[in-house]
Amino acid sequence: MNNKSKTSIIASVIATLIITSIFATTNNLASAASVVDNTDYFAQARVVFDEIQGLESKINADGEKIASMTDQFAKASSGTVEKVNLERQIKDLQTLTDVRTKRIADLHGELDRLEKLNVAAFKVDDITRQKFQTTERAIIDRYLDENSVNYVGSNPVEEVYAHTKNRSIVIILDPQELTEKKINIDSMKATFANIIKTAVGEEIPIEIQFGKFVDLGCAARDNPCRPLLGGLTVSKKNVNTLNTMGYKASKTGEGTGFVIAGHTAENLDAEIVQPHNDNTKRVGTVRAYSNTVSCDCAYVKVDAGITVDNTIYKSSNLVYTVTGKTADSSQTVGTWVYKSGARTAVTLGQITGNVAGNSYNAVDIYHGQGDSGAPVFATVSGDNVSLYGMFYRGTYAEPPGLGPAKYHPWDQIQSQIGAVPP
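With positions in the sequence shown counted from 1, the corresponding number in the working numbering is that position plus 140.
Spelled out as structure tokens, the structure:
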């Protein structure tokens with residue numbers, strides 16, 4: 141398990157750069173590489189998702205127009221030009237809405253098709269998978285696991301995971317620490333290659349990325365919302381930084397509440413407000429708390445009179461309904477997931493790493509400051525979704541961007557603090 145603690149910063153982050161160092165592969169990995177599907181299905185999916193969001197926004201706006209015109213129609217005198225025109229306008233808008241709704245259904249079908257292709261591109265045979273896991277473990281033991289006898293001490297490695305679609309090991313390095321310690325990148329790559337060769341007896345492609353994972357909180361505004369639901373803005377009282385409410389959960393002996401990021405809560409018994417910038421709007425108290433690499437998470441017991449829906453904020457007057465939950469063991473790399481964050485709203489991502497023994501999964505997704513705590517989920521049908529977990533760290537703060545990030549699966553959170561989603 142990744143037990144390395146890194147000092148979190150709330151600041152602009154150096155945009156992730158990618159330098160790929162390819163080492164010749166042999167045996168099973170060479171065979172796997174020969175059938176690599178390098179198609180960027182994720183980029184295609186983001187284009188589709190953007191169109192869906194645009195159409196849904198138009199449907200929502202037209203729905204408000206239809207409601208307003210329907211009221212006017214009811215008040216208009218029979219047989220008047222006004223009433224006839226209103227009837228025609230309402231019919232035209234409804235027809236347009238029906239066309240857009242059909243288009244959205246077709247686009248969701250396209251998302252499903254792209255996801256199947258993407259998941260297939262991430263698949264490798266059992267022998268190759270085992271070699272990747274062994275490689276991950278060897279590098280984590282040396283650079284991230286402070287409890288390992290092989291741990292080298294403070295170093296610039298931020299994250300390690302196998303990107304099975306690229307048939308490579310991704311190693312994310314903190315560029316600031318590289319500079320401060322005057323570490324030679326070529327020397328580090330050679331060391332990584334030697335570790336891999338010793339661990340699995342062959343060379344594996346190494347993909348070096350530069351960036352630093354940070355907690356994503358910042359100042360902003362929002363409105364109160366009752367009942368509570370995932371995706372709203374929350375904060376510790378009197379701190380008032382923008383963070384995101386995760387999802388509904390219960391805890392034995394405490395009752396109903398919700399999950400947030402541990403660095404949002406800061407401590408046990410902290411008072412939580414919603415929205416984040418109104419100290420008069422307390423909604424609950426932190427009754428379970430962890431701010432470690434095992435779980436950056438907290439459980440908030442709601443105050444009397446406060447209720448929580450098992451839904452996630454989508455857009456104005458629209459929500460996702462959580463109809464199930466997907467265990468970490470079934471959260472397949474290559475799968476599309478979404479997060480609903482207070483800063484960057486609903487964005488589409490892909491799971492890129494699910495390291496056995498880690499308390500989190502790696503995801504490429506658009507994110508920014510304020511998204512900490514956001515619920516992570518996958519669509520089931522329409523606006524029904526399956527809960528995957530809670531977003532808590534990423535490499536982009538200001539400005540937001542598309543890049544590597546992390547989320548805790550819900551069952552990892554449950555095992556750490558006893559917060560059980562419905």
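Beta carbons are placed, not taken as given, at the ideal position from N, Cα and C, and that holds for glycine.
Counting only runs that start and end inside the region 383–433, the beta strand (DSSP E) elements of at least 3 residues fall at 388–391, 395–400, 411–413 and 422–431.
Around the beta carbon of V187, fewer than 16 other beta carbons lie within 10 angstroms, which makes this residue exposed. Under DSSP, the beta-bridge partners assigned to H507 are G541.
Using a C-beta cut-off of 8 Å, the region 474–483 makes no contact with the region 428–445, since fewer than three inter-stretch Cβ pairs fall below that distance.
Spanning the alpha carbons of T447 and K441 requires a straight line of approximately 10 Å. In this structure the region 321–340 does not lie against the region 408–427, because fewer than three pairs of beta carbons, one per stretch, are closer than 8 Å. Nearest to S526 by alpha-carbon distance, out of I452, S456 and L458, is I452.
Note: T487 is bridge-paired with K479 in the DSSP secondary-structure output. At the C-beta level, N494 and V473 come within 9 Å of one another.
Cα atoms of T519 and K205: separation of roughly 28 Å, rounded to the nearest angstrom. For Y291, no pairing in a beta bridge is given by DSSP. Exclusion of the five residues before and after N363 leaves P415 as the residues of its chain whose Cβ lies within less than 8 Å of its Cβ.
As a beta-bridge residue in DSSP terms, C437 pairs with S430. Taking 8 Å as the upper bound for CB-CB distance, T237 and D211 are not in contact here, some 18 Å apart.
In the structure shown, K376 falls within a strand segment according to DSSP collapsed to helix, strand and coil. Look at Y283 here: in three-state DSSP terms it is helix. Judged by pairs of C-beta atoms under 8 Å, the region 288–297 touches the region 307–325, as three or more such pairs exist. In the DSSP assignment, K465 falls within the unbroken beta strand (DSSP E) covering L458 to K465.
Between the alpha carbons of S512 and T484 lies a distance of about 11 Å. For the pair T384 and L369, the CB atoms are not nearer than the 9 Å cut-off.
9 Å or more divides the Cβ of F353 from the Cβ of P562. In this structure, the alpha-carbon of D436 lies about 13 Å from that of G558. Between V300 and L284, the C-beta spacing is below 9 Å.
DSSP places E343 outside both helix and strand once states are collapsed to three, so it counts as coil.
In the structure shown, the three-state DSSP call for A496 is coil. Closest by C-alpha distance to V399, out of F531, D252, L226 and T487, is F531. It is roughly 31 Å from the alpha-carbon of Q490 to the alpha-carbon of V413. Going by DSSP, R240 is part of the alpha helix (DSSP H) stretching over V221 to F262. T487 and H548 have their alpha carbons spaced roughly 17 Å apart.
In the same chain as L233, and ignoring 5 residues on each side of it, the C-beta atoms closer than 7 Å to its own belong to D202, K205 and I206, in chain order. With contacts defined by Cβ atoms closer than 9 Å, F332 and I346 form a contacting pair. R269 sits in a helix when the DSSP states are folded into three classes. Between the alpha carbons of I505 and L542 lies a distance of about 5 Å.
In the displayed model, A514 falls within coil according to three-state DSSP, outside both helix and strand. For S521, the secondary structure class from DSSP, reduced to helix, strand or coil, is strand. With a threshold of 16 other beta carbon atoms within 10 Å, D468 meets it and is buried.
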